[in-house]
Amino acid sequence: MIIERLSQEHRNIETLLTILERELEVFDRGERPDYEVIRAVISYFEVYPEVYHHPQEDRVFAKLKTRDPAAAAKIGDLAREHQKGAQLLRRVARVVDGVLADREMLRENVDIIVRDFIAHERRHVMMEDRDFFPAALKALKPQDWTEIASAETGLKDPLFSDVAEERFDALRAHILRLEQEAEAERK
Numbered sequence: 002m003i004i005e006r007l008s009q010e011h012r013n014i015e016t017l018l019t020i021l022e023r024e025l026e027v028f029d030r031g032e033r034p035d036y037e038v039i040r041a042v043i044s045y046f047e048v049y050p051e052v053y054h055h056p057q058e059d060r061v062f063a064k065l066k067t068r069d070p071a072a073a074a075k076i077g078d079l080a081r082e083h084q085k086g087a088q089l090l091r092r093v094a095r096v097v098d099g100v101l102a103d104r105e106m107l108r109e110n111v112d113i114i115v116r117d118f119i120a121h122e123r124r125h126v127m128m129e130d131r132d133f134f135p136a137a138l139k140a141l142k143p144q145d146w147t148e149i150a151s152a153e154t155g156l157k158d159p160l161f162s163d164v165a166e167e168r169f170d171a172l173r174a175h176i177l178r179l180e181q182e183a184e185a186e187r188k
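Going by my numbering, the sequence shown opens with residue 2, and the numbers climb by one from there.
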């Protein structure tokens, strides 16, 4: 189902935000983070959420506005939220490029820009999971879901699917290490 897939993508996004946060902590300690992983996270956010995930949510939201305008109004302007996330991501990309180019910048400014992006994405995902998805599940009819599904592009997730792209190899390895560490901590 569409909402289940979008929810799984939210869990995947949280994994990437956690990785970005951990790399930022390395940077904040004055050590060198894994910039290949950071660039891969940025690249993923530039591609998959913008090209597939958000347009899919926008289609669901458009149906919700038709079926339950009051619920849609409580959620707010989803497209603007998505645009703000994209703007914050571009700021992250610029600041990381600046660090890699050895431009003079305060660590504190880098920290603020990256943390703003992480916080925005977490708030946004939490709002969608808490408010938007339940409202859509309640209001939309089977034919709405069929219509939304028919508009899918068939694009596979370039990181979390069986057709993962090579450019995300370092990030995939990093995710695997995190999962192994979490598993070891549980034992």
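Ideal placement from N, C-alpha and C gives every residue a C-beta, glycine not left out.
Predicted, not measured: the structure shown is a model, and the values here were computed from it.
Distance between residue j and residue i (C-alpha atoms, nearest Å)
{"i": "I39", "j": "L21", "result": "6 Å"}
{"i": "R33", "j": "R168", "result": "21 Å"}
{"i": "R124", "j": "D132", "result": "12 Å"}
{"i": "R178", "j": "D170", "result": "12 Å"}
{"i": "F62", "j": "A73", "result": "7 Å"}
{"i": "E180", "j": "L160", "result": "15 Å"}
{"i": "I113", "j": "E153", "result": "36 Å"}
{"i": "K139", "j": "V93", "result": "36 Å"}
{"i": "E10", "j": "E105", "result": "36 Å"}
{"i": "P56", "j": "I119", "result": "21 Å"}
{"i": "R91", "j": "D117", "result": "12 Å"}
{"i": "Y49", "j": "R6", "result": "13 Å"}
{"i": "V27", "j": "T19", "result": "13 Å"}
Which of helix, strand or coil DSSP assigns to residue i
{"i": "E24", "result": "helix"}
{"i": "D158", "result": "coil"}
{"i": "E166", "result": "coil"}
{"i": "G99", "result": "helix"}
{"i": "M127", "result": "helix"}
{"i": "R30", "result": "coil"}
{"i": "R104", "result": "coil"}
{"i": "E182", "result": "helix"}
{"i": "E122", "result": "helix"}
{"i": "E153", "result": "coil"}
{"i": "L141", "result": "coil"}
Supposed close pair residue i, residue j - CB separation, criterion 8 Å
{"i": "Y45", "j": "L17", "result": "6 Å"}
{"i": "A136", "j": "D29", "result": "So it is not a contact: roughly 38 Å between Cβ atoms."}
{"i": "F134", "j": "I14", "result": "Not confirmed; about 14 Å, so no contact."}
{"i": "V97", "j": "I43", "result": "7 Å"}
{"i": "L107", "j": "Y36", "result": "So it is not a contact: roughly 18 Å between Cβ atoms."}
Could you give the uninterrupted runs of the alpha helix (DSSP H) lying entirely in the region 34–94, keeping only those of 4 residues or more? 36–49, 55–68, 70–76
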